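Peer 1: Below you will find the structure I want to go over with you.
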Amino acid sequence: MQKTFHIIPPKGFYQCETFNNIPDISLVVGYEDVIHGWLFRHLPLIWSIKHKRLPAICFQGTRGCPYNCSFCPTPTYLQGRKYRRRDNESAIKYLKEHISRSGIKRVMFEDPTAAIPFDEESYRFFQSLANSSIEMKATVLARPDLCQDEKLLEVMKAAGVSNLSIGIESLNDKTLKDFKKKTSLNILERSIEVFHNKGFSVTGLFIAGYDTEDMGSFIANKKFIIDTGIEKWRVSPLGQMPEVPDQFLPTHRAFLWNELDDFGSDLADYMNGEFVIFFPKNMKPSILQKKIEEFNYSSSSWAGTIKLFLKHKRLGPVFQRAGNNIAHKMIQREVVKSNYIQMLDELEQPFYDRHGRNWILREDLLVERYKERLSVTFPNVNDYEIPWKNYFFKESILGKI
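If you count by our numbering, then the sequence shown holds residues 1225 to 1625, one letter each, in order.
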């Protein structure tokens, strides 16, 4: 007997009022072994070279995001729009304990929005950090409009925040409008100038592959990096959760969960922001993947590093750029080793037609494919209405699709 599988969109999710008891990194398998290891404690540079990574403590002081960027799944599907902050005492205790135990000074704030301009709670939190005995070099995800609150920036700097990772996303006005970013190229340039003047290094976060973008977007991004003198950057393909409805892109344009099964690979292993997992409108996935690779190689050249030094006239930004360049080259080597582009070449073929020098997406074929996906049949089971989150984590009673 064959029955039908249904995906049900979420109706909402529970948002805790406080998360002071959030499980910390001491529960991560291997954490204790690493921080108590002889090489890690006494020769940390050798440890980093051996393991090809710089250790950092991950920290989360808030959940939820009050903003409404259309491409971002955080407020809708992950943490909600209600902005909740961890108690200052709990946050400081956590940071103090793990920095002391591990000896790691680098801290990565995982908050979608750790600091909101002209927000009293943000000010009190970073002031508490500044008044504490904690010594750290922290990276914080922030929006360009944070530049308006220079008082908060000064407190954040005193608290040990050294790098601001800014969601630039795009330099295309149409894209920014569709993303609901409420910013412009002039605002972005001005904000980075303010951040640099306040003593922060800047990591620019770009999104590639949206429908209003073309190959010229990569040229514009590279020029922006040179002109503004941002020390680090990351270019990620537009992404969203596969097979979850009511997101920014139509659901049928995201890869299916079993998209890579024929290659003996699991899509979940390629959802770290480095791999294309959707069907772009103006170029094939493989072309977008190659363009990101080419961009990272060309933008991490020594010529760009020299231009950075001439702009800042300090060695600090040069060392940060050098680290950024090494990281990008290591990542791209891993992408090449994964043979992901070869997989893309094969799976994208049925869905694109060639028109002169351009590739046109056959969206009608993707729609038809997704309709079939919504009626997957299974033998010898009853009808089940599977909650979307179980399907997302592939832990449903029907097993992996």
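Beta carbons: idealized from backbone N, C-alpha and C, even for Gly.
All of these numbers come straight from a predicted model, not from anything done at the bench.
Do residue 1430 and residue 1388 come within 8 Å of each other at the CB atom, strictly closer than that value?
Peer 2: no
Peer 1: To which residues of the same chain is residue 1572 closer than 8 Å at the C-beta, ignoring the five residues directly before and after it?
Peer 2: 1503, 1508, 1509 and 1510
Peer 1: Since residue 1379 and residue 1433 should fall inside the 8 Å C-beta cutoff, what is the C-beta to C-beta distance between them, to a whole number of angstroms?
Peer 2: In fact, because the Cβ distance is near 37 Å, the residues do not count as touching under 8 Å.
Peer 1: Do residue 1467 and residue 1484 have their beta-carbon atoms positioned less than 8 Å apart in this structure?
Peer 2: Not a contact, by the Cβ cut-off of 8 Å.
Peer 1: Secondary structure at residue 1458, three-state DSSP: helix, strand or coil?
Peer 2: strand
Peer 1: With a 10 Å radius around its C-beta and 16 neighbouring C-beta atoms as the bar for buried, classify residue 1526 as buried or exposed.
Peer 2: exposed
Peer 1: Rounded to whole angstroms, what is the Cα-Cα separation between residue 1548 and residue 1317?
Peer 2: 31 Å
Peer 1: Enumerated in chain order, which unbroken segments of the alpha helix (DSSP H) with a length of 4 residues or greater are wholly contained in the segment 1333-1419?
Peer 2: Fully enclosed alpha helix (DSSP H) runs of 4 or longer: 1344-1355, 1374-1383 and 1397-1403.
Peer 1: State the DSSP-derived secondary structure class of residue 1603, mapped to helix, strand or coil.
Peer 2: Only weak support is given to the placement of residue 1603: the predicted model assigns it a pLDDT of 40, under 50, and the question is left unresolved by the model.
Peer 1: Taking the straight line between their C-alpha atoms, what separation do you get for residue 1561 and residue 1261?
Peer 2: 30 Å
Peer 1: In the DSSP assignment, the alpha helix (DSSP H) including residue 1476 goes from what residue to what residue?
Peer 2: No alpha helix (DSSP H) contains residue 1476, which DSSP labels as neither H nor E.
Peer 1: Drop a sphere of 10 angstroms on the beta-carbon of residue 1282, count the other beta-carbons inside from all chains shown, and report buried for 16 or more, exposed for fewer.
Peer 2: exposed
Peer 1: For residue 1244, does the count of other Cβ atoms within 10 angstroms reach 16, so buried, or fall short, so exposed?
Peer 2: exposed
Peer 1: Just to confirm my understanding: we take residue 1425, look at its own chain, exclude 5 residues before and 5 after, and list those with CB closer than 6 Å. What are they?
Peer 2: 1387, 1455 and 1544
Peer 1: Less than 8 Å between the C-beta atoms of residue 1444 and residue 1395, yes or no?
Peer 2: yes
Peer 1: Is it a yes or a no for the segment 1365-1373 touching the segment 1338-1345, going by three-plus beta-carbon pairs under 8 Å?
Peer 2: Enough Cβ pairs lie closer than 8 Å, so yes.
Peer 1: To the nearest angstrom, report how far apart residue 1347 and residue 1298 are at their CA atoms.
Peer 2: Separation of residue 1347 and residue 1298 (C-alpha to C-alpha, rounded to the nearest whole angstrom) is 23 Å.
Peer 1: To which residues does DSSP link residue 1430 through a beta bridge?
Peer 2: 1393 and 1459
Peer 1: Taking the beta strand (DSSP E) that residue 1579 belongs to, which residues open and close that run?
Peer 2: 1576-1579
Peer 1: Could you check whether residue 1391 and residue 1367 sit closer than 8 Å to each other, using their CB atoms as the reference points?
Peer 2: yes
Peer 1: Would you kindly work out how many angstroms separate the C-alpha atoms of residue 1237 and residue 1337, rounded to a whole number?
Peer 2: Annotation note: pLDDT 47 at residue 1237 (below 50); position unreliable, no value reported.
Peer 1: Compare the beta carbon distance of residue 1475 and residue 1594 with 8 Å and say whether it is the shorter of the two.
Peer 2: yes
Peer 1: Grouping DSSP H, G and I as helix and E and B as strand, with all else coil, what is residue 1489?
Peer 2: coil
Peer 1: Would residue 1403 pass as a contact of residue 1293 if the rule is Cβ separation under 8 Å?
Peer 2: yes
Peer 1: Distance, Cα to Cα, residue 1520 vs residue 1439?
Peer 2: 14 Å
Peer 1: Checking contacts by CB at 8 Å: is residue 1498 closer than that to chain B?
Peer 2: Judged by its chain identifiers, the structure shown contains no chain B, having just a single protein chain.
Peer 1: How is the beta strand (DSSP E) around residue 1496 delimited, first residue to last?
Peer 2: Run containing residue 1496: none; DSSP gives neither H nor E here.
Peer 1: Pick out whichever of 1267, 1286 and 1285 has its Cα sitting closest to the Cα of residue 1278.
Peer 2: The shortest Cα separation from residue 1278 among 1267, 1286 and 1285 belongs to 1267.
Peer 1: Just to confirm, is the Cβ distance from residue 1321 to residue 1284 under 8 Å?
Peer 2: Taking 8 Å as the Cβ cut-off, residue 1321 and residue 1284 do not qualify as a contacting pair.
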